Amino acid sequence: MNSRVGFIAFNTFREAVRDRVLYNLIAFALLLSAASILVGEISIDIERLVVVNLGLTAVSLFGVVIAIFIGIGLVSKEIDKRTLYTVLSRPVRRWEFVVGKFFGLTGTLVVNTFFMALGVFLALLYVAHKFEKMDVWLLAAIYFIVLQFLIVCALSLFFSSFSTPLMSAVFTFALFVIGSLAEDLRGFARMTQGAAGLIATVVAYLVPNFSALNVITQVAHGDSVSSRLIIYNTLYALFYSAMAISGAVLIFQRRDLK
Amino acid sequence: MGKTPAKGLDHARIAMAAIEILDLEKEYMVGFWRKRPKMALRPLRLTIEQGEVFGFLGPNGAGKTTTLKLLMGLVFPTAGSARILGMAFDDPQVKSQIGFLPEQPYFYDHLSPRELLNYYGQLSGMPAKGRSARVEQMLARVGLSDSANIQLRKFSKGMLQRVGLAQAILHDPKLVFLDEPMSGLDPMGRREVRDLIQQLRHEGKTVFFSTHILSDAEALCDRVGVIHQGELRGVGAVADLTSEKQGKIEIIFYAPHVPAALTSLGAEARISGDMVNAVLPEEQQDAALDILRRERLRLISLAPVRSSLEEYYVQKLRPTENRKGAGV
């Protein structure tokens, strides 16, 4: 990695940590502890299913909220507070700044996810008393969640490169919700004919396919995840993020910092 | 193929110039529904030589910050270009040789000054070896060694300005741009900034700073430029501007009142304590001295009246029709 990108990424990570972003882990730990105790009391034979479903969904939602709310401010906050002036008056190219910010935020989310995942495994151990072989697929689900974060971070950066923070948050969250229903949207597009069908197909394939990245229910039931899906999802997330970041860079390259 | 002497001279001049602004122009689109153009900077042509301390004067909104932002690559010109240290101003190589202090700077407030300077040192491409020592040196230079580990969110405006100065000169740039460096500082802070600019001059650096505080410009600058409503109204050497005689003399003497004979010579006089300060045409000098001798009044001083930078500034800010005949 370009060293300046690395320095900017590290500073972004350090800022998030010092701004107490990781404090969300406390809320997450409390939620999971309460859920595990409750599940242990009321569920019969479905403790594992409930803890995995609830735990991984919480990992996903906590991360998405962080990705959106930090992502939308990554560039706009630096412009508003004018911290960007003393960075861009150095031998730092604008694309290096955007990419550094992206890596900083995704790094923060990876660390955050690591601790939340640890919490999920601990909760699972608490309710099931032991790990089973199928629990390894939880790692694939967590990996897919991280891929979701990659796309959400890139999208929030993209929208914030030309829009206000509030509108960027609305756009990114809307795309996250629509993208979570992407498979249904594709199904609907296949059933629709004519111009409407064409538009539906374009929209269905343009929105990020978050539903393909959600295998929580599958792994909660102990089903495996195919290596083909892992490769496909990895390439898809990398490609989609790269496109969104490229768009953010293209817009930011031409932007006047008034 | 050999260069013609004229071309050779031109190249030498460009190589010598620290900044050469070539008709740089900026137009913003303003308005929400119906966008209309607003000229922030009319074509600006200006050359600053190496080792020069140049003051860019003008009231708020004159175009000073826009010019600096254009040179820093923070906004893009509508037309024109510039060369900094012989390179195109948008060449990334240039950035490692310039320092910039924005107006009322803000920094990452989660960092301490030591961390911030270290980060900026990294971004400026300073090698790890020696970077820490340079950071400590800069902290000491701006008097922040004792506060080096406190987060910037706890800093006052004056302390942030010091951090700003430290980051601007951290990487030992050849050229330093300072946007209103004295703004918001107390008298002690202003003096420290003045001292720092003097030190930079002694180190052979080129300093380009914008200000609307004329006494600072008069004390520090080799040359000044006056900008108003996005238009460069004049450029001149401070020494020339302030040494120009006005064709008048100022006489100061002890007296309880202004002698009537002096008033009849056309003197503008005012009493200050037991002294009289009178300004009158140069050709009336002998007659005025005769009056003082005749009335047995003790002379304190007699000196020609010289124009001040303030007069030059005010003259340049006047609308164009009022300035006709006034040379740059």
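These protein sequence lines map, in sequence, to chains A and B.
Going by our numbering, the first residue of the first sequence is number 1, and it counts up by one from there.
Going by our numbering, the first residue of the second sequence is number 1001, and it counts up by one from there.
Where is the CB? At the ideal position from N, CA and C, for every residue including glycine.
On a predicted model such as this, the values are computed, not experimentally measured, just so you know.
Exposed unless 16 or more other CB atoms sit within 10 angstroms - verdict on residue i
i         : result
B/Tyr1312 : buried
B/Met1072 : buried
B/Pro1102 : buried
A/Ile145  : buried
B/Asp1186 : exposed
B/His1257 : exposed
A/Gly179  : buried
B/Gly1327 : Residue confidence is low: B/Gly1327 scores 41 on pLDDT, short of 50, so the model does not pin down where it sits. Its coordinate-derived value is still stated next. Classification for B/Gly1327: exposed.
A/Gln193  : exposed
A/Tyr205  : exposed
A/Val202  : exposed
B/Pro1092 : exposed
A/Trp137  : buried
A/Gln253  : exposed
A/Ala196  : exposed
B/Glu1282 : exposed
B/Arg1294 : exposed
B/Ile1271 : exposed
A/Ile216  : buried
B/Phe1107 : buried
B/Val1075 : buried
A/Phe13   : buried
A/Leu213  : buried
Contacts that residue i makes with chain A (C-beta to C-beta distance below 7 Å)
i         : result
B/Lys1095 : Ser89, Arg90, Pro91
Bridge-paired residues (DSSP) for residue i
i         : result
B/Asn1277 : B/Ile1252, B/Arg1270
B/Glu1231 : B/His1228
B/Ile1048 : B/Ile1019
B/Val1053 : B/Val1207
B/Arg1036 : B/Val1030
B/Glu1180 : Partner(s): none; B/Glu1180 has no beta bridge.
B/Ser1081 : B/Leu1022
B/Ser1301 : B/Ile1252
B/Gly1099 : B/Val1176
Whole-angstrom C-beta distance between residue j and residue i, which should lie under 8 Å
i         : j         : result
B/Thr1242 : B/Leu1309 : 6 Å
A/Thr113  : A/Gly63   : 6 Å
A/Asn209  : A/Ala182  : 4 Å
B/Glu1250 : B/Val1305 : 5 Å
B/Glu1218 : B/Val1238 : 6 Å
B/Gly1051 : B/Thr1211 : Not really, about 19 Å apart at Cβ, beyond 8 Å.
B/Pro1181 : B/Gly1099 : Actually they do not touch by this definition, with Cβ atoms about 11 Å apart.
Interface partners of residue i on chain B, CB under 8 Å
i       : result
A/Thr83 : Tyr1106, Phe1107, Tyr1108
Amino acids of chain B, ordered along the chain, whose beta-carbon sits closer than 9 Å to that of residue i
i        : result
A/Asp256 : Lys1026, Tyr1028, Lys1069, Leu1074, Val1075, Phe1076
A/Arg4   : Gln1122, Leu1123, Gly1125
Within chain A, partners of residue i - CB distance below 8 Å
i         : result
B/Gln1199 : Per Cβ cutoff of 8 Å: no residues; B/Gln1199 is ~21 Å from chain A at best.
B/Phe1209 : Residues of chain A passing the Cβ test: none, with the nearest at roughly 15 Å.
B/Tyr1254 : Neighbours of B/Tyr1254 on chain A: none; closest Cβ ~56 Å, over 8 Å.
B/Gln1167 : Thr86
Beta-carbon neighbours of residue i, restricted to chain A and to distances below 9 Å
i         : result
B/Pro1102 : Arg82, Tyr85, Thr86, Ser89
B/Pro1092 : Pro91, Val92, Arg93
Exercise. Going along the segment 1063–1089 of chain B in order, which residues come within less than 8 Å of chain A, judged by CB to CB distance?
Worked result: Lys1069, Met1072, Gly1073, Leu1074, Val1075, Phe1076
Problem set entry | Contacting positions in the segment 1123–1151 of chain B - beta carbon closer than 9 Å to chain A | Leu1123, Ser1124, Gly1125, Gln1151
Problem set entry | chain B contacts from the segment 6–21 of chain A (Cβ-Cβ distance under 8 Å) | Phe7, Ile8, Asn11, Arg14, Glu15, Arg18, Asp19
For this session: For the segment 1303–1321 of chain B, enumerate the residues whose C-beta is nearer than 7 Å to any C-beta of chain A, in chain order.
Result: none
For this session: Determine which residues of the segment 1036–1059 of chain B have a Cβ less than 8 Å from any Cβ of chain A, and write them out in chain order.
Result: none
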